[in-house]
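Right, one structure below, let's go through it.
Number of protein chains: 4
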Amino acid sequence: MTTSFELDAAVAETTRRTEELVRDVVLPVEAEYDGRAHDAAEGLRLTLQDAARTAGVFAPHVHSRYGGLGLGMRDRAPVFEAAGYSLFGPLALNCAAPDEGNVHLLEQVATAGQRERYLRPLATGAVRSCFAMTEPAPGAGSDPAALTTTAERTSAGWLLNGRKWFITGAVGAAFAILMARTSGEPGSQGGATMFLVDAGLPGFRRLRDIPTMAESFFGGHAELILDNVEVPHDAVLGDVDQGFRHAQVRLGPARTTHCMRWLGTARRAADIAIDRAATRKVFGTRLGELGMAQQLIADNEIDIEASRALVLKACWELDIGAPAAQITAITKTFVAEAVNRVVDRALQICGALGVSDDIPLHRLYREVRPFRIYDGPSETHRWAIARRVLRTAAQRLEGDR
Amino acid sequence: MTTSFELDAAVAETTRRTEELVRDVVLPVEAEYDGRAHDAAEGLRLTLQDAARTAGVFAPHVHSRYGGLGLGMRDRAPVFEAAGYSLFGPLALNCAAPDEGNVHLLEQVATAGQRERYLRPLATGAVRSCFAMTEPAPGAGSDPAALTTTAERTSAGWLLNGRKWFITGAVGAAFAILMARTSGEPGSQGGATMFLVDAGLPGFRRLRDIPTMAESFFGGHAELILDNVEVPHDAVLGDVDQGFRHAQVRLGPARTTHCMRWLGTARRAADIAIDRAATRKVFGTRLGELGMAQQLIADNEIDIEASRALVLKACWELDIGAPAAQITAITKTFVAEAVNRVVDRALQICGALGVSDDIPLHRLYREVRPFRIYDGPSETHRWAIARRVLRTAAQRLEGDR
Amino acid sequence: MTTSFELDAAVAETTRRTEELVRDVVLPVEAEYDGRAHDAAEGLRLTLQDAARTAGVFAPHVHSRYGGLGLGMRDRAPVFEAAGYSLFGPLALNCAAPDEGNVHLLEQVATAGQRERYLRPLATGAVRSCFAMTEPAPGAGSDPAALTTTAERTSAGWLLNGRKWFITGAVGAAFAILMARTSGEPGSQGGATMFLVDAGLPGFRRLRDIPTMAESFFGGHAELILDNVEVPHDAVLGDVDQGFRHAQVRLGPARTTHCMRWLGTARRAADIAIDRAATRKVFGTRLGELGMAQQLIADNEIDIEASRALVLKACWELDIGAPAAQITAITKTFVAEAVNRVVDRALQICGALGVSDDIPLHRLYREVRPFRIYDGPSETHRWAIARRVLRTAAQRLEGDR
Amino acid sequence: MTTSFELDAAVAETTRRTEELVRDVVLPVEAEYDGRAHDAAEGLRLTLQDAARTAGVFAPHVHSRYGGLGLGMRDRAPVFEAAGYSLFGPLALNCAAPDEGNVHLLEQVATAGQRERYLRPLATGAVRSCFAMTEPAPGAGSDPAALTTTAERTSAGWLLNGRKWFITGAVGAAFAILMARTSGEPGSQGGATMFLVDAGLPGFRRLRDIPTMAESFFGGHAELILDNVEVPHDAVLGDVDQGFRHAQVRLGPARTTHCMRWLGTARRAADIAIDRAATRKVFGTRLGELGMAQQLIADNEIDIEASRALVLKACWELDIGAPAAQITAITKTFVAEAVNRVVDRALQICGALGVSDDIPLHRLYREVRPFRIYDGPSETHRWAIARRVLRTAAQRLEGDR
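Have a look at this one:
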């Protein structure tokens, strides 16, 4: 067997249906909301997800035992991209961040009891969740080891204290997967544990929502307080002190599915610009006949094709269980920057119209900017990418002596 | 005499006072309004302009006979940049677009009567104005020759018909300087005339305001309808059929002062990021100790210094009356892109904080994006820049034969 | 079946042997010649190709009936990249341009007789060939339609007249595949025919060799004169007047195998820089610990991974017979630029050492620059890429009406 | 007084004469030598310098007491750029590196006796010199503090031991200004002293010439050995242990005059491309009518104008004695990269012709690449630029508390 980019027929059909759903149902709803979901009511989600169920494309990434389509990473790629064509598409398919990544994490790490209690309702769209890791400075951010939130062991379980910041989807989430320090000091590499923390527990409250330039995330980005929150022993997800290791399970796939969804945004922006260039007359010709516009258009195609090819490579490594840290870091870094370039070029092609509310490009422009920061800023990934090849070289050079 | 970058002492003092005004008065007001002026009430403008008068920095570009400081282009550069440090600073100094450019145009082209009636109140801040040139597709945009709005001569003056689009500052403007076709067809190079059109004339109405990603322009960006608007003979600004030629008077300086103001935005973004990098601890060190952050910071300094140097060169050519079309096109293209890069890097340095409303970077990010489109998209300027050098080469090569 | 990046075991073994051959045999020879093959004697080629035969990696792309390994495009990719790790590697494997592309063209288009006479000796390494298409200005170049060389029908066959320029590998080639105009005028789209022209025919001579910044091409880049060269009827390759159409057969695969070979060059440059960064001490630390060096290193990895993924995608389309014009244009444009960036960064990491002859980076730097021009400059490919998507959009928009 | 870009009339005349000299005399000689001066005989230098003397443009930077034109930094800028239009122009005017910077250093630091013995013959073109600072790894390079060459005090003077690497102009130089450690250890910040070391002293020998991708430097780049070289007490240039401080005197101006000269190279490359675009027909039109070619051409103009403006700003700070470290670092970094971009774009515009020896672009391409490394690689400058603004910010933030 050899390299192939063939698409499974069933996946192609799911992709086609997703495109149809997005075009006919989701994009009109997005327009109605002006792309803002961060403070939308629950009704939006339920409506969109019902439509996705009807279309047979709900939860493509979820195991069939929980009612999903059970697609692996490679097979998700075209479906998630099709969903990402609308800012609301991933919500419709129940494959938006952070729920999609949490489903994966729970599938891998949770006990049978935890799976029934947390995974099933999440996977079926009955509830939403959040992933509570990052903290206000100088706590955990690009550097997870700076973690300051603490969990102290009590007779009944654990006592959580701390503050979490920029927790996506927190508003309305039924529970959080929350990282807290169970040993060591802020700055030490290990000592973190993941907890399943129900919303509504005494002492667990939302300090505020953090408005951001991206407004399409259902449930916003909240700042949370943990003030002596008590959780039982079985709230521990995975093993004590192994939180960072368990989180690795989530990292690679989560950053790769991010790429898929955002690629949909890029494709949409590029399409808007192409349609404009194909029709708009300027300087006595069509805009698309002008060399500089052609360059912008061509560079968009190049960026999208390269992104897709990288995403599939990363997916393949993840699917076969290879240590995909390097390829997913490379893919995330490239795709996040490529997506930003694509939307920027599309906007430039559309000129003042692109700047205006008359077309959604400026909304897309704002939505994609944070992607170069979310899930690890480009700089952190580049640092990790370089360190890996340098370490390998150092070992080889050492061996040569 | 030789090249000098010396700053006149009086200008240095005006710059210092402007910085003080911006820091103490304007930035707090900007924060209060979250940087949005496009639909602000007139009180905002009056308050800010009173403060600027008190500080002695009102109308730096206006001739002293109208109460201004009478600064030439070079001397405006540091003052306008200082004003641009806040999105509301230019409004405070009465040197925001489009009024600032209109003042210049009226000084150069208007009759004595027009100067008293339109220039004086505009220069002193009694009223605001707009410049009504661009039209909905397929009308005038990047290509002014596509002008479709018509002016027909009548016994009493002129009858105007057409539609204008993206007219900055139109809401609340007392009058428009409006371009209409008095001869030729859309697509022909000449045949345009500028008119002074009072707000409130029968048939002259605002169809709608166009929301845009930039929201700091007082008076927004409107779409206007001219439905058999009658204006008298003396509404003609300059000569009939010479509208495009007269508009040239405005173009070079207007795009250069744009650069000055937006450089202030870039400087502010860079400063926010520097302060962050100087204090934020990450990975056991200060952010500013990390090489990739240093690179972002250094590139910001490089872009800002190069921009300033170009702006001064353009100003000098404009001040001495040189044909500054090439240098102002070069400067506008470079500075617009440099400013965008600077704000983008600043945001990247600040990470998730930069994406959030907690600091104003994401607002600046949105405000600067249109600068690569306003006053001629980069592509149009590059086309003009290349054509000039190619024409010169063709003539020389012709001569060589 | 679904997307896979799996490498066939036999291909993996061929790749490993090629790496070994390159490291143990080819690189030392390259060093001896300082990377210059453009005017090397035939002995160099024979020696290297014997070594490749011994290693069992000779002619990976050639059909087994001519003694090759019969690898498809996807399977060639890792082998050709391994060969390209040395500037002389492709020569050793008999898979250098233009012979490799000519083999493919002859396999597709030649008659049985032509295959025995031209393809077999070429495929087995008995002779070399060239592809004579481009002409001095204003003839065929980026724009093939400008073709000026003529072929007039005579009773005995054809009479060829014209001049060819920058014909890679011409020195020492046994024959040329030569494009001449059999109908139409320079500028018209069709009317070209391909001829098999033996070296040594009366009137067919080499005017000069054109020295270039790239010196690793065996046989250089020559300028050829055709002065009433007579060829028989069966010198026509394919159909009369169908030369441009037949050349398409060669274009897509040839530009993609170019990418493979040059990726090897990029990988080598990146490796040199990594080894340097892993060992060189500067400012009290290792160079590889500095953030800006890490950024250069990481960007190299990103560029190489994205290039490889695109190459495989292009190969897959070519292998399954899809109309691969768009993907091969995208791949060639991206990879040519990526390879240049990689070598440039590698050189920067090595500092003055990289500039010096002490390591081969500056040689690689010169060798890769023309890749952005050979086989269609990036601008021509971008133009074609944009036109395709614009045409599709125009058709769709037309259909929507 | 205010900012001005006015050119002194006498300087304008010197510039014009230099342009004439370069066009009529120097460029033809450069073509004859194929741009290679690194191993040229002394006759080349004498011939060119005689021509410059005749033209009245010899030694523009040298004080009149040594027969120069005595131009300050700002006034040198257009003259040096005009000289740099040919790779041999600076040699003709006796303003090439490293002699030009050495003249400046000797003027500032040398004793009266040293000035007569070393400065006068150097300034008048009687002899050449070199600046011997950098060493083979792990010695002094980007990081001067790594200095390993030692100078031990003896009764008769000093005993020098060590190895110098990449010493530009060393072949045929009459003397070296050589940096050696007189106290401290490799890695410590101070402890360096500059010595005037005559060529031909026992133990002072050239190990080899280092071939590099740049070949236009007269005298090449050599590796030198100091094996118990004895120099007298008055060979010390400046003060003992103050070598790094004295070198600062040379750094800022030297890197800025580098920018001037290399800007001439960029201008020449851009001109070649413009002429090509103005005449070459392709795709039924002139190359210069194609948008992507126009973009390359326009970007060249932008880079050149921005570079010039920065150079003048740096010159002005140097002329008025301001602490110009930041502006010269910014200027060097920007200009070195801009010059490379310009030559690269010019080559791309010229296509295969640009790659060939038929026009000198590929030679210029090779010559400019090292500029991003010489006189401090871009990364080192960016690090210094960022550190300065961060230090200022830290102090201000400290003060705010």
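Residue numbers (full-length UniProt numbering), protein chains in the order written: chain S, 1 to 401; chain W, 1 to 401; chain R, 1 to 401; chain V, 1 to 401. We put the CB at the ideal spot given by N, CA and C, even for glycine. For clarity, every value in this text was computed on a predicted model and none was experimentally measured.
- It is roughly 25 Å from the alpha-carbon of residue 267/V to the alpha-carbon of residue 50/V.
- If you check each beta-carbon in the stretch 291-308 of chain W against every beta-carbon of chain R, the ones closer than 8 Å belong to 291, 292, 293, 294, 295.
- Shown here for residue 328/V: same chain residues with a beta carbon closer than 6 Å to its own, the five before and five after excluded, namely 252, 255, 256, 314 in chain order.
- Burial of residue 14/R is indicated by the presence of at least 16 other C-beta atoms within 10 angstroms of its C-beta.
- Judged by DSSP in its simplified three-state form, residue 64/S adopts helix.
- Here the alpha carbons of residue 182/R and residue 283/S stand approximately 38 Å from one another.
- Selection 302/V, 274/V, 246/V, 3/V evaluated against residue 75/W yields 3/V as nearest (Cα-Cα).
- Take residue 269/V, set aside five residues on each side of it, and the residues of its chain with a beta-carbon closer than 7 Å to its own are 342, 343, 346, 361, 364, in chain order.
- The Cβ-Cβ distance between residue 311/S and residue 331/S falls below 7 Å.
- The beta carbon of residue 33/W sits closer than 8 Å to the beta carbons of 40, 44, 88 from its chain, once the five residues preceding and following it are set aside; these are given in chain order.
- The continuous alpha helix (DSSP H) containing residue 260/S extends over residues 243-279.
- Contact annotation: residue 244/V and residue 38/V have beta-carbon atoms that are not nearer than 7 Å.
- For residue 92/V, the uninterrupted alpha helix (DSSP H) run begins and ends at 89-92, by DSSP.
- Under a criterion of Cβ atoms nearer than 7 Å, no residue of chain S is adjacent to residue 25/W; the nearest Cβ is some 25 Å distant.
- For the C-beta of residue 38/S, not a single chain W residue is nearer than 7 Å; the gap to the nearest is close to 11 Å.
- Contact with chain W is found for residue 275/V, since one of that chain's Cβ atoms lies less than 7 Å from the residue's Cβ.
- In the three-state scheme derived from DSSP, where H, G and I count as helix and E and B as strand, residue 41/V is classed as coil.
- Counting only runs of at least 4 residues, the stretch 10-42 of chain W fully encloses the following alpha helix (DSSP H) elements, listed from N- to C-terminal order: 27-32.
- Within the stretch 141-175 of chain S, no residue has its Cβ closer than 8 Å to any Cβ of chain R.
- Annotated three-state conformation of residue 137/S is coil, per DSSP.
- A distance below 7 Å separates the beta carbons of residue 296/S and residue 349/S.
- Counting along the chain, the unbroken alpha helix (DSSP H) around residue 315/W starts and ends at 291-319.
- In the structure shown, residue 223/V adopts extended strand secondary structure according to DSSP, grouped into three states.
- Around the CB of residue 233/V, fewer than 16 other CB atoms lie within 10 Å, so the residue is classed as exposed.
- Under the Cβ criterion of 7 Å, residue 332/V is not counted among the residues facing chain R.
- Distances from the CA of residue 299/W to each of 168/W, 337/W, 28/W, 85/W were compared; the closest alpha carbon is that of 337/W.
- With a 10 Å radius around the Cβ and a threshold of 16 neighbouring Cβ atoms, residue 294/W comes out buried.
- What residue 74/W touches in chain V, judged by beta-carbon distance under 7 Å, is 2, 3, going in chain order.
- Rounded to whole angstroms, the gap between the alpha carbons of residue 154/V and residue 180/V is 15 Å.
- The three-state reading of DSSP puts residue 127/R in coil, since its state is none of H, G, I, E or B.
- The secondary-structure analysis by DSSP pairs residue 161/R across a beta bridge with 150/R.
- When DSSP reads this structure, residue 367/S sits in no beta bridge, so it has no partner.
- At least 7 Å separates the beta-carbon of residue 90/S from that of residue 369/S.
- Neighbours of residue 310/V in chain W, taken as residues whose beta carbon is under 8 Å from its own, are 305, 306, 309 in chain order.
- Residue 210/S carries a coil assignment under DSSP once its states are collapsed to helix, strand and coil.
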